[in-house]
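Engineer:
Residue numbers (our numbering), protein chains in the order written: chain A, 1488 to 1648; chain B, 1488 to 1648; chain C, 1488 to 1648.
Spelled out as structure tokens, the structure:
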């Protein structure tokens, strides 16, 4: 069944973004995806435009980025994470199981709905990988700043077969 | 020695809460506890009332939830995590070792005592599982929002034998 | 090649701090470094002075701790983590690979440069352990409070051979 995740992405009409392109002056000294044996550690990813540049809207949820826009950013973040995995492991069918997802929302102090922001991330992972492989533990909290003023970043751990 | 953790809970007079019951309108698309081989990933849990509903007080520590109340919330959070583990793995004696605990406190900007909020969580885990199995690495930070405006949530990783 | 990491520390002129010494009244109920099999979980560490006491400057980045000072704190935090690893595992050459680094910066709400704060942490790890072992996934976010009002804390996971 090689290519089943890729087929599923196609069926859902989803296109993965290009590799992350950072703004001028921003350098990183880490790997987007680090593989250790069958464990895969995914750095904090944010939403990307199709060309790999950071995708707006930018700012705090919900005062600058309304809930619905933040949920769309969470979907784009899921696609960015899947793209990062594909680049690192070659074939997405190598993913045997998602383990943990950590969502960090660029939140206003009174915003208690980070769970709702992250649900579209989780839903997309479940849609693409299927419920048995895609299901994961998750934590969703609101933080005071996120790199590049993105509305959220998500880190994760997955396992390869 | 089957049942030794359950016996210890009894000796300490501790009762585990029912499974988490979310408020109307809040849905989740993740698992509270995800098992991958012998590794167990625990989603962010907050304090629960005996019936599984979120337990107050709610709000920021310490302006809305004083330190002592937040510490009691941390104890309830530990019981919620243990209850989640029991439901997922069946028998708490399968836990071979705690690995990592991440505490996220719903904190006022000037509150630098998140360590003290989390200590009762760790102490309860040590009491219930014993020092060799229960000991863990930990990080405790203050975040700007927590789901449902709970005073804290805690995620964790434990290992099964 | 026993001692190669220690040799590299020497070559770079780096000295590891003493074990963490907490201020009066602050107790902890966790381990700084928890080993489970070949996996090593590193608790949130902050910058330490040579004697193991928390190293200033303290406060929020950048209003109380300018970017450059926070970057120096990140370097001291890397040394604190390496010192903690050495104490826990005895010989730093046992580290087979870094896996994940989580950086939590004590940030002002408008500060979107947590990536730049953490880079010197990652750079030092890469310098000391070399690019193949030292490379890691990373997440860097801004949080509202950090224990002891330190400018940042970092947790990590590494693997032993």
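Backbone N, C-alpha and C fix where the C-beta goes; we use that ideal spot for every residue, glycine too.
So residue 1521 of chain B contacts chain E; which residues on that side make the cut at Cβ distance below 9 Å?
Structural biologist: The displayed structure is made up of protein chains A, B and C, and chain E is not among them.
Engineer: Taking 7 Å as the CB-CB cut-off, is residue 1617 of chain A touching chain C?
Structural biologist: With 7 Å as the cut-off, residue 1617 of chain A does not count as an interface residue toward chain C.
Engineer: With a threshold of 16 other CB atoms inside 10 Å of the CB of residue 1550 of chain B, please say whether the residue is buried or exposed.
Structural biologist: Answer is exposed; the Cβ neighbour count stays below 16.
Engineer: Using the Cα positions of residue 1568 of chain B and residue 1494 of chain C, report the straight-line distance between them to the nearest angstrom.
Structural biologist: Near 43 Å, if we compare the C-alpha coordinates of residue 1494 of chain C and residue 1568 of chain B.
Engineer: Quick check: what's the CA-CA separation for residue 1603 of chain B versus residue 1627 of chain B?
Structural biologist: Going by the C-alpha atoms only, they are around 9 Å apart.
Engineer: Please name the residue in A:1534, A:1585 and A:1541 whose C-alpha comes closest to that of residue 1565 of chain A.
Structural biologist: Considering only alpha carbons, the answer is A:1534.
Engineer: Within the same chain, show all residues whose beta-carbon is closer than 7 Å to that of residue 1563 of chain A, passing over the 5 residues directly before and after it, in chain order.
Structural biologist: Around residue 1563 of chain A: 1534, 1535 and 1542.
Engineer: In chain C, which residues lie with their C-beta within 7 Å of the C-beta of residue 1635 of chain A?
Structural biologist: Result: 1599.
Engineer: Any beta carbon of chain A sitting closer than 7 Å to that of residue 1500 of chain C?
Structural biologist: So, not an interface residue.
Engineer: Quick one: what's got a C-beta closer than 6 Å to residue 1589 of chain B's C-beta in the same chain, skipping five residues either side?
Structural biologist: Counting only Cβ-Cβ distances below 6 Å, and skipping sequence neighbours, we find 1626 and 1642.
Engineer: From the beta carbon of residue 1525 of chain A, is the nearest beta carbon of chain B less than 7 Å away?
Structural biologist: Judged by the 7 Å Cβ criterion, residue 1525 of chain A is not in contact with chain B.
Engineer: Skipping 5 residues on each side, what residues in its chain have a beta carbon closer than 7 Å to that of residue 1473 of chain C?
Structural biologist: Chain C is shown only over 1488 to 1648; residue 1473 of chain C falls outside these bounds and no answer can be derived.
Engineer: Would the C-beta of residue 1495 of chain B count as close to the ligand SAM, meaning under 6 Å from any of its heavy atoms?
Structural biologist: Absence of the ligand SAM is noted for the structure shown, with no ligands found whatsoever.
Engineer: Work out the CA separation of residue 1645 of chain B and residue 1645 of chain C for me, nearest whole Å.
Structural biologist: Computed Cα separation, rounded: 16 Å.
Engineer: If contact means a Cβ-Cβ distance below 7 Å, which residues of the region 1530 to 1557 of chain B contact chain A?
Structural biologist: The residues in question are 1530 and 1531.
Engineer: What does residue 1569 of chain C reach in chain B if we use C-beta pairs closer than 9 Å?
Structural biologist: The contacting residues do not exist; residue 1569 of chain C stays about 16 Å from chain B at best.
Engineer: In the DSSP output, which residue or residues are listed as bridge partners for residue 1585 of chain A?
Structural biologist: Answer is A:1645, bridged to residue 1585 of chain A.
Engineer: Tell me whether residue 1488 of chain B is buried or exposed, calling it buried when 16 or more other Cβ atoms sit within 10 Å of its Cβ.
Structural biologist: Note on residue 1488 of chain B: pLDDT 43, under 50, position unreliable in the model; the coordinate value appears next. It counts as exposed.
Engineer: Short of 6 Å in beta carbon distance, which residues of its chain neighbour residue 1508 of chain C, apart from the five on each side in sequence? Order them along the chain.
Structural biologist: For residue 1508 of chain C, where only same-chain residues beyond five positions count, the Cβ hits under 6 Å are 1539 and 1540.
Engineer: Quick one: which chain A residues come within Cβ less than 7 Å of residue 1565 of chain C?
Structural biologist: Near residue 1565 of chain C there are no residues of chain A at all, since even the closest Cβ is about 11 Å away, more than 7 Å.
Engineer: Our contact map puts residue 1655 of chain A next to residue 1506 of chain A with C-beta atoms below 8 Å; I'd like the distance itself, whole angstroms only.
Structural biologist: Absent from the model: residue 1655 of chain A. The displayed extent of chain A is 1488 to 1648, so no value can be given.
Engineer: With distance defined between alpha-carbon atoms, name the residue in C:1548, C:1582 and C:1510 nearest to residue 1524 of chain C.
Structural biologist: Checked all of C:1548, C:1582 and C:1510; the closest Cα to residue 1524 of chain C is C:1582.
Engineer: In terms of alpha-carbon separation, which member of B:1537, B:1511 and B:1599 lies closest to residue 1510 of chain C?
Structural biologist: Of B:1537, B:1511 and B:1599, the residue nearest in Cα terms is B:1599.
Engineer: Where residue 1548 of chain A and residue 1517 of chain A are concerned, what is the direct C-alpha to C-alpha distance, given to the nearest angstrom?
Structural biologist: For residue 1548 of chain A and residue 1517 of chain A, the distance between alpha carbons rounds to 27 Å.
Engineer: Between residue 1575 of chain B and residue 1515 of chain B, which are expected to be in contact by the criterion C-beta below 8 Å, what is the C-beta distance as a whole number of angstroms?
Structural biologist: No, residue 1575 of chain B and residue 1515 of chain B are not in contact; Cβ-Cβ is about 15 Å, not under 8 Å.
Engineer: Beta-carbon separation of residue 1596 of chain C and residue 1631 of chain A under 7 Å?
Structural biologist: Contact: yes.
Engineer: I'd like the span of the beta strand (DSSP E) that includes residue 1531 of chain B, first residue to last.
Structural biologist: Note, residue 1531 of chain B: beta strand (DSSP E), 1526 to 1532.
Engineer: With DSSP as the reference, please indicate the residues paired to residue 1629 of chain C in a beta bridge.
Structural biologist: BP columns for residue 1629 of chain C point to A:1632 and C:1592.
Engineer: Could you tell me how far apart the beta carbons of residue 1616 of chain A and residue 1624 of chain C are, in whole angstroms, since I believe they sit closer than 8 Å?
Structural biologist: No, residue 1616 of chain A and residue 1624 of chain C are not in contact; Cβ-Cβ is about 19 Å, not under 8 Å.
Engineer: For residue 1635 of chain B and residue 1552 of chain B, I'd like the C-alpha separation in whole angstroms.
Structural biologist: Approximately 14 Å between the Cα atoms of the pair.
Engineer: Please confirm whether residue 1513 of chain C and residue 1579 of chain C have their CB atoms less than 7 Å apart.
Structural biologist: Not closer than 7 Å, so no.
Engineer: Residue 1492 of chain A lies in the beta strand (DSSP E); which residues open and close that run?
Structural biologist: Here residue 1492 of chain A belongs to no beta strand (DSSP E); instead the alpha helix (DSSP H) covers 1491 to 1498.
Engineer: Please state whether DSSP places residue 1552 of chain C in a helix, a strand or coil.
Structural biologist: Residue 1552 of chain C: coil per DSSP, three-state reduction.
Engineer: With a threshold of 7 Å between beta-carbons, can residue 1602 of chain C be considered close to chain A, or not?
Structural biologist: Yes, its Cβ sits closer than 7 Å to a Cβ of chain A.
Engineer: With distance defined between alpha-carbon atoms, name the residue in A:1619, A:1612 and A:1629 nearest to residue 1570 of chain A.
Structural biologist: Of the listed residues, the one whose Cα sits closest to residue 1570 of chain A is A:1612.
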